[in-house]
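Chemist:
2 protein chains.
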Amino acid sequence: MLNSYSSADKVLLAVDCIIFGFDNDGLKILLIQRDFEPEKGKWSLIGGFLKRDEVLDAAATRILNTYTGLNDIYMEQLHAYSEIDRDPVERTISVSYFALINIENHNAELIKNYHAEWFPINDAPNLIFDHNEMVENAIKRLRYKTSIKPIGFELLPEKFTMRQLLELYEAILSKELDKRNFISKINSLEILNKLDEKDMQSSRKGSYLYTFNKEKYEEKLLNNFVLNL
Amino acid sequence: MLNSYSSADKVLLAVDCIIFGFDNDGLKILLIQRDFEPEKGKWSLIGGFLKRDEVLDAAATRILNTYTGLNDIYMEQLHAYSEIDRDPVERTISVSYFALINIENHNAELIKNYHAEWFPINDAPNLIFDHNEMVENAIKRLRYKTSIKPIGFELLPEKFTMRQLLELYEAILSKELDKRNFISKINSLEILNKLDEKDMQSSRKGSYLYTFNKEKYEEKLLNNFVLNL
DNA sequence: ATTTATTAATGTAGATTTTACACTTACATA
DNA sequence: TATGTAAGTGTAAAATCTACATTAATAAAT
Numbered sequence: 283m284l285n286s287y288s289s290a291d292k293v294l295l296a297v298d299c300i301i302f303g304f305d306n307d308g309l310k311i312l313l314i315q316r317d318f319e320p321e322k323g324k325w326s327l328i329g330g331f332l333k334r335d336e337v338l339d340a341a342a343t344r345i346l347n348t349y350t351g352l353n354d355i356y357m358e359q360l361h362a363y364s365e366i367d368r369d370p371v372e373r374t375i376s377v378s379y380f381a382l383i384n385i386e387n388h389n390a391e392l393i394k395n396y397h398a399e400w401f402p403i404n405d406a407p408n409l410i411f412d413h414n415e416m417v418e419n420a421i422k423r424l425r426y427k428t429s430i431k432p433i434g435f436e437l438l439p440e441k442f443t444m445r446q447l448l449e450l451y452e453a454i455l456s457k458e459l460d461k462r463n464f465i466s467k468i469n470s471l472e473i474l475n476k477l478d479e480k481d482m483q484s485s486r487k488g489s490y491l492y493t494f495n496k497e498k499y500e501e502k503l504l505n506n507f508v509l510n511l
Numbered sequence: 283m284l285n286s287y288s289s290a291d292k293v294l295l296a297v298d299c300i301i302f303g304f305d306n307d308g309l310k311i312l313l314i315q316r317d318f319e320p321e322k323g324k325w326s327l328i329g330g331f332l333k334r335d336e337v338l339d340a341a342a343t344r345i346l347n348t349y350t351g352l353n354d355i356y357m358e359q360l361h362a363y364s365e366i367d368r369d370p371v372e373r374t375i376s377v378s379y380f381a382l383i384n385i386e387n388h389n390a391e392l393i394k395n396y397h398a399e400w401f402p403i404n405d406a407p408n409l410i411f412d413h414n415e416m417v418e419n420a421i422k423r424l425r426y427k428t429s430i431k432p433i434g435f436e437l438l439p440e441k442f443t444m445r446q447l448l449e450l451y452e453a454i455l456s457k458e459l460d461k462r463n464f465i466s467k468i469n470s471l472e473i474l475n476k477l478d479e480k481d482m483q484s485s486r487k488g489s490y491l492y493t494f495n496k497e498k499y500e501e502k503l504l505n506n507f508v509l510n511l
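These protein sequence lines map, in sequence, to chains A and B.
Going by the numbering used here, the first residue of the first sequence is number 283, and it counts up by one from there.
Going by the numbering used here, the first residue of the second sequence is number 283, and it counts up by one from there.
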């Protein structure tokens, strides 16, 4: 009977984390080499099992930390994957989570100690189980999110140039954007502070640095703005 | 250890179905009265447990059919809910699914036999567990979906008037729409067939009936159109 | 001191899309 | 044949989006 708890089947519930990162080389994804069977040695998303006394969000955070040392990463739930044989060992349903982080802010050392590695999004190895599908879906969501939130700022250093911001969006959307139109659209959101300071790395002229204005952003967010790039 | 299947905790996995329907009285939701403890007699989403040899999509379909007799309803996965005590009997994670159906096409008799009932979306009873939250999130998704798919057609009779279509969208978005602008936006999609036939119920003049042109719609869908109402 | 090379910064006109808005038409009923 | 009711229809102004090229600032080289 359906209305009976006792006769219902229990299953393993896993969480898999899709961590996107950005640095000067573009958009990347964080993967680990499995250190246990099955598929030991193959590349995989960062994953683990939900504990009985833990909510899914907490499991995702714990698992990410366990395998990478990363802390305080806000992840968003994406989708539950439930194909019968997706994990050959035992019936396992997996819930995917994703996040976007700034690679440079997140101690590369720690990640190294844990055997996690960044791969360019367009040059990543084949993954175990249904992890490739999970990543594809996460990329779609990431693209969608750029249109409703200025999500990219989390991926940049605190002070950044317009060019960096442009290149970030180009990497996420994988298309070229018109520089002038991009700048005026971003400016029209009024969520950036233009500093007096310039970044002199990139050119002789130097380019102005900006910071993200969190207060103004929160304000905007209430109005459900849309950003068409 | 995380890398051990045998030591991982197993949990119950449930599915809850949020079924939206539309008829001349507006947008409704399908609920049932629990016939077992806990919360027996209270109103609830249509839900049940995943079986070991079943994928989530199939479980949602089976459970919906078991409690309502409804068949061939395409549902879409929404979100996994995992609060520790969301179900007081036993640790249960629930994955929500939602669908939109045409109330008149789906034999009210069958639903009656199964004690399921339609409630106006704005006048539904309080629900058990976290089901209210599930419904709220489903409504948000429903609104979003109107902007990227002409999703509403599934809710109307095969032949419908522009007014019916307009009222459907107004119910989903819960805002008034300009009649002329609505019609021209819908027409510009070129996914309707205007029939020679008129519906004489609504007025002396009568209003033209339309059908949904599935082929043209499939064509459009490839181009990821957006419908800004 | 002057030239050169490099990237940053900036504005606009035309095209497209969106919005706001009111009168006429067709028909059944009285 | 007059009346009442909802259906059907078009446009001008505003807003947004797109495509596009020149000048400015500076460091390095001469």
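Glycine included, every Cβ here is placed at the ideal spot set by N, Cα and C.
With which residues is glycine 303 of chain A paired in a DSSP beta bridge?
Modeler: In the first sequence, counting from the first residue as 1, residue 303 of chain A sits at position 21. Beta-bridge pairing links glycine 303 of chain A to A:Lys310 and A:Ile383.
Chemist: Just list the residues that DSSP pairs glutamate 399 of chain B with in beta bridges.
Modeler: Taking the first residue of the second sequence as 1, we reach residue 399 of chain B at position 117. Note: glutamate 399 of chain B sits in a beta bridge opposite B:Leu313.
Chemist: Name the chain A residues whose beta carbon is nearer than 9 Å to that of leucine 332 of chain B?
Modeler: Translated into the one-based positions of the second sequence, residue 332 of chain B becomes position 50. Residues of chain A passing the Cβ test: Ala290, Asp291, Val293, Ser364 and Ile375.
Chemist: Could you check what DSSP says for isoleucine 421 of chain B in three-state terms: helix, strand or coil?
Modeler: As a working mapping, residue 421 of chain B is identified with position 139 in the second sequence. Helix.
Chemist: Looking only at its own chain, which residues have a Cβ that is under 8 Å from the Cβ of tyrosine 492 of chain B, when we skip the five neighbours before and after it?
Modeler: Taking the second sequence and counting its residues from 1, one reaches residue 492 of chain B at position 210. Correct list, in chain order: Lys441, Phe442, Thr443, Met444, Leu447, Leu474, Asn475, Lys476 and Leu477.
Chemist: Going by C-alpha to C-alpha distance, which of A:Asn306, A:Glu472, A:Asn510 and A:Phe507 sits closest to glutamate 386 of chain A?
Modeler: Counted from its first residue, the first sequence places residue 386 of chain A at position 104. Comparing Cα positions, the closest option is A:Asn306.
Chemist: How is the alpha helix (DSSP H) around tyrosine 287 of chain A delimited, first residue to last?
Modeler: Residue 287 of chain A sits at position 5 when you count from the first residue of the first sequence. No alpha helix (DSSP H) holds tyrosine 287 of chain A; DSSP gives it neither H nor E.
Chemist: May I ask you to verify whether the stretch 390-399 of chain A touches the stretch 343-351 of chain A, counting CB pairs closer than 8 Å and requiring at least 3?
Modeler: Yes, the stretch 390-399 of chain A touches the stretch 343-351 of chain A.
Chemist: In whole angstroms, give me the CA-to-CA distance for lysine 310 of chain B and phenylalanine 318 of chain A.
Modeler: Locating residue 310 of chain B in the second sequence gives position 28, where the first residue counts as 1. Locating residue 318 of chain A in the first sequence gives position 36, where the first residue counts as 1. Taking the straight line from one Cα to the other gives about 50 Å.
Chemist: Buried or exposed: proline 370 of chain B, going by 16 or more other Cβ atoms within 10 Å of its Cβ?
Modeler: Locating residue 370 of chain B in the second sequence gives position 88, where the first residue counts as 1. Answer is exposed; the Cβ neighbour count stays below 16.
Chemist: Could you tell me the boundaries of the beta strand (DSSP E) in which glutamate 358 of chain A lies?
Modeler: The residue labelled residue 358 of chain A in the question sits at position 76 within the first sequence. Run containing glutamate 358 of chain A: 358-363, per the beta strand (DSSP E) assignment.
Chemist: Are phenylalanine 380 of chain A and arginine 423 of chain A closer than 8 Å when you measure CB to CB?
Modeler: For the purposes of this step, residue 380 of chain A is identified with residue 98 of the first sequence, where counting begins at 1. For the purposes of this step, residue 423 of chain A is identified with residue 141 of the first sequence, where counting begins at 1. It is a contact, given that the beta carbons lie within the stated cut-off.
Chemist: So glutamine 359 of chain B and alanine 362 of chain A are in contact, right, with Cβ under 8 Å, and what is the actual spacing, rounded?
Modeler: Stepping through the second sequence from its first residue, residue 359 of chain B is reached at position 77. Stepping through the first sequence from its first residue, residue 362 of chain A is reached at position 80. Confirmed, about 6 Å.
Chemist: When we look at the beta-carbon of leucine 432 of chain A and count the other beta-carbons within 10 Å, is it buried (16 or more) or exposed?
Modeler: Translated into positions along the first sequence, residue 432 of chain A becomes position 150. According to the sequence provided, residue 432 of chain A is proline. The question's leucine does not apply to it. The residue in question, proline 432 of chain A, is buried, as its Cβ has 16 or more Cβ neighbours within 10 Å.
Chemist: Using DSSP with H/G/I as helix, E/B as strand and the rest coil, what is leucine 477 of chain A?
Modeler: By 1-based counting over the first sequence, the position of residue 477 of chain A is 195. Three-state DSSP puts leucine 477 of chain A in a strand.
Chemist: Using only the alpha-carbon positions, how far apart do valine 377 of chain A and isoleucine 366 of chain A sit?
Modeler: By 1-based counting over the first sequence, the position of residue 377 of chain A is 95. By 1-based counting over the first sequence, the position of residue 366 of chain A is 84. Cα-Cα distance, rounded: 14 Å.
Chemist: Could you check which residue in A:Leu392, A:Gly488, A:Thr343 and A:Leu312 has the C-alpha nearest to that of aspartate 405 of chain A?
Modeler: Start at 1 with the first residue of the first sequence, and residue 405 of chain A comes out as number 123. The residue with the shortest Cα to Cα distance from aspartate 405 of chain A is A:Leu312.
Chemist: Please classify glycine 434 of chain A: is it buried, with 16 or more other beta-carbons within 10 angstroms of its beta-carbon, or exposed?
Modeler: The count along the first sequence starts at 1 and reaches residue 434 of chain A at position 152. Glycine 434 of chain A comes out buried.
Chemist: Who are aspartate 298 of chain A's beta bridge partners in DSSP?
Modeler: For the purposes of this step, residue 298 of chain A is identified with residue 16 of the first sequence, where counting begins at 1. Note: aspartate 298 of chain A sits in a beta bridge opposite A:Gly329 and A:Ser378.
Chemist: Please report whether the beta-carbon of leucine 418 of chain B lies at a distance below 8 Å from any beta-carbon of chain A.
Modeler: Residue numbering aside, residue 418 of chain B sits at position 136 when the second sequence is read from its first letter. It is glutamate, not leucine, that sits at residue 418 of chain B in the sequence shown. Glutamate 418 of chain B does not count as touching chain A.
Chemist: To the nearest angstrom, how far is the alpha carbon of valine 373 of chain A from that of methionine 357 of chain B?
Modeler: Residue numbering aside, residue 373 of chain A sits at position 91 when the first sequence is read from its first letter. Residue numbering aside, residue 357 of chain B sits at position 75 when the second sequence is read from its first letter. The residue you asked about is not valine; residue 373 of chain A is arginine in the sequence shown. Roughly 23 Å between the two C-alpha positions.
Chemist: From this set, A:Ser364, A:Leu327, A:Gly308 and A:Arg344, which residue's C-alpha is nearest leucine 295 of chain A's C-alpha?
Modeler: Counted from its first residue, the first sequence places residue 295 of chain A at position 13. Selected option, being the one with the closest Cα: A:Ser364.
Chemist: According to DSSP, which residues form a beta bridge with phenylalanine 442 of chain B?
Modeler: As a first step, residue 442 of chain B must be located in the second sequence, where it is residue number 160. In DSSP, phenylalanine 442 of chain B forms a bridge with B:Tyr492.
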